[in-house]
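To start, the structure under review is shown below, and the notes come after it.
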Amino acid sequence: MDSGVQNCDTSNGYVHLQNPHLKTMTSDFLYHFNLGTATHDLPAMFGDVKFVVVGGSATRMGKFARYIHQELGLSESEEPKDLADTDRYGMFKAGPVLSVSHGMGMPSMSIMLNELLKLLYHARCSNVVMFRMGTSGGLGLEPGTVVISKAAVDACFRPRYTQIVLGQEISRPTELDQGLVDELLHVAAQEEGLTAVAGNTMCANGFYEEQGRLDGAFCDYTEQDKLQYLQKGRDAGVRNLEMESLCFAALCKKAGVKAGVVCVTLVDRLRGDQVTTPHDTLKEWELRPQKLLAKFISSRLGIK
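FYI, the numbering for the sequence shown is 1 to 304, going by the UniProt record's numbering.
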């Protein structure tokens, strides 16, 4: 059992954590997963992970784990179980694929991703590819379209993730791996009934005002103001809006992990704010990113 903290070299494809204090710790407890280097054999449990897919709810990520388990033809005796003994996040493993929930919004994503990156680091995982998968609002797209993100941008359409650290503002770049974008577009083109486009994804700190909605508890702007703002985003290359990609892109990039974001659009925000599509149709649309990533992973593993 690994009770210490090792230094990982990104030239070997390992996760690179830029925190010198980790080297002085005798053990590391990942509180929100209830997993630790002193209590679990992380390399034995997770060392074979090559793909990590994260999404909002634990229920959805559990379903995805069972779906990818079936798609990869894994043994029925190895059906995915929740490995995180906590009600904060769900974590499910299907062979080389780890499926993890991140909750809603960047604070929740940040907590989960810090501990997930440390888990991959302690487990000595190498050449891992990570994806955020989810739903979003579209800009000028037919609902049901899948957006493959070229970069995450903030609510001012800047490709950077800004945090306050010790009272100082710091910013990190949020471009995503362009090779993955091209590969995902190629896989999507083979899927009948799936329309996918590449574009920037605007990541907001909230669901209502920061995304320019008119239907929240508060609104101090007009519909014309909203449409001008959203059109400005569209003109800047934004194709969809959500609440986690900025943090995800920045932290994966800083850790030296290739990452992509794949989200289906549920509404065209240039036409309205509320989702009025029938429930059964929404369920089918929500499966589209799952099917695309399953095909991508199967292709990478040489499984037809």
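All C-beta atoms, glycine included, are put in the ideal place defined by N, C-alpha and C.
Query                                                                                                                                                              : Result
Nearest-angstrom Cα distance between arginine 169 and aspartate 280?                                                                                               : According to the sequence as given, residue 169 is glutamate; it is not arginine. Approximately 44 Å, taken between the alpha carbons.
Which same chain residues end up closer than 7 Å to serine 57 when comparing Cβ atoms and leaving out the 5 residues on each side of it in sequence?               : Ser101
Beta strand (DSSP E) containing isoleucine 148: first to last residue?                                                                                             : 146-153
Look up serine 202 in the DSSP assignment and say whether it is helix, strand or coil.                                                                             : Note that residue 202 corresponds to methionine in the displayed sequence, not to serine. Strand.
Is DSSP giving tyrosine 229 helix, strand or coil here?                                                                                                            : helix
Apply the 10 Å Cβ neighbour rule to alanine 204 and answer buried if 16 or more other Cβ atoms are within range, or exposed otherwise.                             : buried
Short of 7 Å in beta carbon distance, which residues of its chain neighbour leucine 214, apart from the five on each side in sequence? Order them along the chain. : Glu223, Lys226 and Asp273
Just to confirm before moving on: does the CB-CB distance between tyrosine 121 and alanine 250 stay below 7 Å?                                                     : no
Start and end of the alpha helix (DSSP H) containing proline 289?                                                                                                  : 279-300
Rounded to the nearest angstrom, what separates valine 146 and alanine 155 at their Cα positions?                                                                  : 21 Å
Take asparagine 240 as the anchor and find which of Cys252, Cys247, Val261 and Phe248 has the nearest alpha-carbon.                                                : Val261
Could you spell out where the alpha helix (DSSP H) holding methionine 130 opens and where it closes?                                                               : No alpha helix (DSSP H) contains methionine 130, which is instead part of the beta strand (DSSP E) from 129-138.
For leucine 98, report the span of its alpha helix (DSSP H) as first-last.                                                                                         : First-last for leucine 98: 97-101, but that is the beta strand (DSSP E), not the alpha helix (DSSP H).
Going by DSSP, what residue range makes up the beta strand (DSSP E) through glutamine 163?                                                                         : 160-165
Whole beta strand (DSSP E) runs in the stretch 21-86 with 3 or more residues, listed along the chain?                                                              : 51-55
Going along the chain, which residues of its own chain have a beta-carbon closer than 6 Å to the beta-carbon of alanine 294, five neighbours each way excluded?    : Ile68 and Glu71
If you check the beta carbons only, do arginine 269 and glycine 137 fall under 7 Å apart?                                                                          : yes
Is it buried or exposed for lysine 232, if we count other Cβ within 10 angstroms and need 16 for buried?                                                           : exposed
Is the distance from the Cβ of isoleucine 111 to the Cβ of histidine 32 below 7 Å?                                                                                 : yes
Between which residues of its own chain and lysine 118 is the CB-CB distance below 7 Å, once the five residues before and five after are set aside?                : Leu17, Asp28 and Leu30
Could you tell me which residues DSSP pairs with arginine 172 in its beta bridges?                                                                                 : Tyr161
Quick check on DSSP: helix, strand or coil for leucine 241?                                                                                                        : strand
Taking the beta carbon of methionine 243 as the centre, do at least 16 other beta carbons fall within 10 Å, making it buried, or is it exposed?                    : buried
If I follow the unbroken alpha helix (DSSP H) through aspartate 182, where does it start and stop?                                                                 : 178-189
Quick check: the stretch 123-134 against the stretch 43-53, are there 3 or more CB pairs under 8 Å?                                                                : yes
Between leucine 139 and arginine 288, is the Cβ-Cβ spacing less than 7 Å?                                                                                          : no
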